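For what it's worth, this note's numbering labels the leading residue of the sequence shown as 847, then goes sequentially. One structure below.
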Amino acid sequence: MSIWNRKDLIALADLSAEELLFLLETAKAFKGVGEREIKKVPALRGKTLINFFVEPSTRTRISFELSALRLSADVINISATTSSLQKGETLKDTALNLEALLADIIVLRHSSAGAAHFLSERLHASIINAGDGAHEHPTQGLLDGFTILEKYGRLQGLEVAIVGDILFSRVARSNIYLLTKLGAKVTLVGPSTLVPQKFETLGVRVTHHIDDILETADVINLLRIQHERQHKEYFPGLGEYVTLFGLTKERVARLKPKCLIMHPGPMNRGVEIDSEGADGARSVILEQVTNGLAVRMAVLYACGGGKGILT
Ligand code: CP
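Quick look at the structure:
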């Protein structure tokens, strides 16, 4: 019997280690589906998914759309600019109208932390959080964990460094919850303004010196500076940031040979990561994107009441 009993996926902070492992195991089965000539199963046939993206996205939106199509669901995409949010309709009223159109699953990306949780308490449809402000990006955390697990065969005991703008990063938070629950040792790296010491209460180490992790990390996950969420200056300038925290060619050379270089995208080349790191042999950045399909199929299957075996 499945241990999954949730209609929504809002935050990895809410999930037990067993639930996380269930989603990762299910994703492994769906990865096999993606490697077949016909990449489609009937698991969500008859269900309707609405991709509702109020913030820009390339990877997550397309990945959810493709995942739903591969599960045989009907898919509609709407954005802030093409919806009546533009005319002053509230998020709740828009979502209730989507439900009145018989949507079974709503995938929501929103700039406000808590938006997905807000809808999950008011709608019968499954709500999947595709990133809410600086709160969480649960499917990104899952696909990052899946990619590490695929490469190392375990998460337990691995040294994972997350470098950059942690304060405003929903990706960092979802990674922290998943990795610590599954036994990895997480170190956050960045300027003290963007990586405050208070993060240690989440069971991670904090350092403001990238040299502390370069030679020991099994995984280094670079994050973009989220200028759109920062309303004041958090460091003197990009030049100084690159000097102190950028994964430059010289720093890539100091990483362990097997160290995985990760980035959730979108990358700012020459800022948090140089092309030597982004395109080199240690990079799994595009594999993360591919794994996003399997992970999102697993999440839609679990929350959307997927039927039948995966054949
Ligand atoms: N990683 C990620 O969320 O990318 P997008 O903003 O392109 O969806």
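Don't be surprised by glycine CBs; every beta carbon is placed ideally from N, CA and C. Predicted model only: the values in this text are computed from it and were never measured.
Counterpart residues of residue i in DSSP-defined beta bridges
i, result
"N975", "L954"
"F1091", "F1091 is not bridged to any residue."
"M1108", "N1067"
"I1056", "Paired residue(s): none; I1056 is not in a bridge."
"K1031", "E1005"
"F1045", "The partner list for F1045 (beta bridge, DSSP) is empty, contrary to what the question assumes."
"N897", "N923 and V953"
"L944", "The partner list for L944 (beta bridge, DSSP) is empty, contrary to what the question assumes."
"R1051", "T1033"
Proximity test, residue i beta-carbon vs the ligand ADP heavy atom, cut-off 7 Å
i, result
"V1052", "The ligand ADP is absent from the structure shown, which contains only the ligand CP."
Next on the checklist: Under 8 Å, with one C-beta from each stretch per pair, do the stretch 967-983 and the stretch 887-905 reach the 3-pair mark?
Outcome noted: yes
Item to check | Residues surrounding the ligand CP [beta-carbon distance to nearest heavy atom under 5 Å] | outcome: S903, T904, R905, T906, P1110 and G1111
Checklist entry - So does the stretch 1066-1075 actually touch the stretch 1001-1019, counting three or more Cβ pairs closer than 8 Å? => result yes
Checklist entry - What are the complete alpha helix (DSSP H) segments, minimum 4 residues, inside the stretch 1117-1141? => result 1121-1124
Next on the checklist: So, does the stretch 867-875 touch the stretch 935-955, judging by three or more C-beta pairs under 8 Å?
Outcome noted: no
Checklist entry - How do the stretch 1106-1120 and the stretch 1062-1069 stand: do at least 3 beta-carbon pairs fall below 8 Å, yes or no? => result yes
Checklist entry - Contact between the stretch 875-887 and the stretch 1000-1007: three or more CB pairs below 8 Å? => result no
Next on the checklist: Across the stretch 1087-1102 and the stretch 1113-1122, are there enough close Cβ pairs to call them in contact, namely three or more that are closer than 8 Å?
Outcome noted: yes
Checklist entry - What are the complete alpha helix (DSSP H) segments, minimum 4 residues, inside the stretch 962-1025? => result 984-998
Next on the checklist: Whether or not the stretch 1137-1144 and the stretch 978-988 are in contact is what I'm after, with contact meaning three or more pairs of Cβ atoms, one per stretch, closer than 8 Å; do they touch?
Outcome noted: yes
Checklist entry - Can you list the alpha helix (DSSP H) stretches of 4 or more residues lying completely in the stretch 868-895, in chain order? => result none
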